[in-house]
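Colleague: Take the sequence shown: its letters are residues 0 to 181, numbered as in numbering that gives the first Met the number 0.
Just so it is clear, CB atoms sit at the ideal spot from N, CA and C, and this is done for glycine as well.
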Amino acid sequence: MIKEIKSIPLATFLSQLGHEPTARKGTRLWYKSPLRQEHTPSFKVETTLNCWYDFGLGRGGNIIDLATEMYQSTDLRYLMRCIVNSCPVPSVQTVASSYPQRHSAPSMERFEIVPLEHRALVAYLQERGIPAHIAKAKCKEAHYCVNGRFYFAVAFENVSGSCELRYPNKNKIQTSSVKPIL
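#1: Examine chain E for any beta-carbon lying closer than 7 Å to the beta-carbon of Tyr123, and answer yes or no.
#2: Here's the rule I'm using: 16 or more other beta-carbon atoms within 10 Å means buried, otherwise exposed. How should Pro130 be labelled?
#3: So what's Ile112 in DSSP terms, helix, strand or just coil?
#4: Tell me the rounded alpha-carbon separation between Gly147 and Pro20.
#5: Taking only three categories from DSSP, how would you classify His132?
#6: Along the chain, where does the alpha helix (DSSP H) containing Asp53 start, and where does it finish?
#7: How about Tyr30 and Phe42: do their beta carbons lie closer than 7 Å?
#8: CB Leu115 to CB Cys138, shorter than 7 Å?
#9: If you follow the alpha helix (DSSP H) that Val158 is in, where does it begin and where does it stop?
#10: Look up Tyr166 in the DSSP assignment and say whether it is helix, strand or coil.
#11: Buried or exposed for Ile133, going by 16 or more other Cβ atoms inside 10 Å?
#12: Around the Cβ of His38, are there at least 16 other Cβ atoms within 10 angstroms (buried) or fewer (exposed)?
#13: Going by C-alpha to C-alpha distance, which of Gly25, Gly128, Ile4, Ala141 sits closest to Lys75?
#14: What first and last residue would you give for the alpha helix (DSSP H) that runs through Glu3?
#15: Quick one: what does DSSP say Lys137 is sitting in, helix, strand or coil?
#16: From the DSSP secondary-structure annotation, give me the bridge partner or partners of Ala227.
#17: CA-CA distance, Tyr150 and Val44?
Set out below in structure tokens:
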């Protein structure tokens, strides 16, 4: 049941709720955020991965994560009913009582390196004592999706030739790293 719900295209779900994209760039759709008031679109849907990311909130994920934010609930059964009622899918008739299985090893589904531009990442590096002009010259911005959740981080090459990622974590003092082999 959860698999079928997660396969509902986010663009279809948003359209059923009255939200239409303001721009399309390749496989990315840009919206004004359905989660808050804004004038400039900063809510991105990656159609190939069926993931979303709200740059203003710094959060993203799959359709269930979006429903969690929109309906302000963590009750999975309630969220599944809301999604199915908003965007009926023939194969999804009723809401099952089973909960999603957690996979032990996270899977990185997508990895993209772009120039460092996000204000939050530049501010994070400045807090660490790295001036913006040096940060932009030496670091990049990584966008990646792990288990259906979209993330972004500061990226820089390490001595082994792979990429080191750092991001501010508001719940912890230390940072986390992911070392994908490029």
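Modeller: For this structure:
#1: No chain E appears in the structure shown, which is made up of a single protein chain.
#2: exposed
#3: strand
#4: 21 Å
#5: helix
#6: Here Asp53 belongs to no alpha helix (DSSP H); instead the beta strand (DSSP E) covers 50-53.
#7: yes
#8: yes
#9: First-last for Val158: undefined, no H or E at that position.
#10: coil
#11: exposed
#12: exposed
#13: In the sequence as presented, Lys is not what sits at residue 75; that position holds Leu. If we check each option's Cα against that of Leu75, Ile4 comes out closest.
#14: 1-5
#15: helix
#16: Residue 227 lies beyond the stretch modelled for the chain, which goes from 0 to 181, so this question has no answer here.
#17: 13 Å
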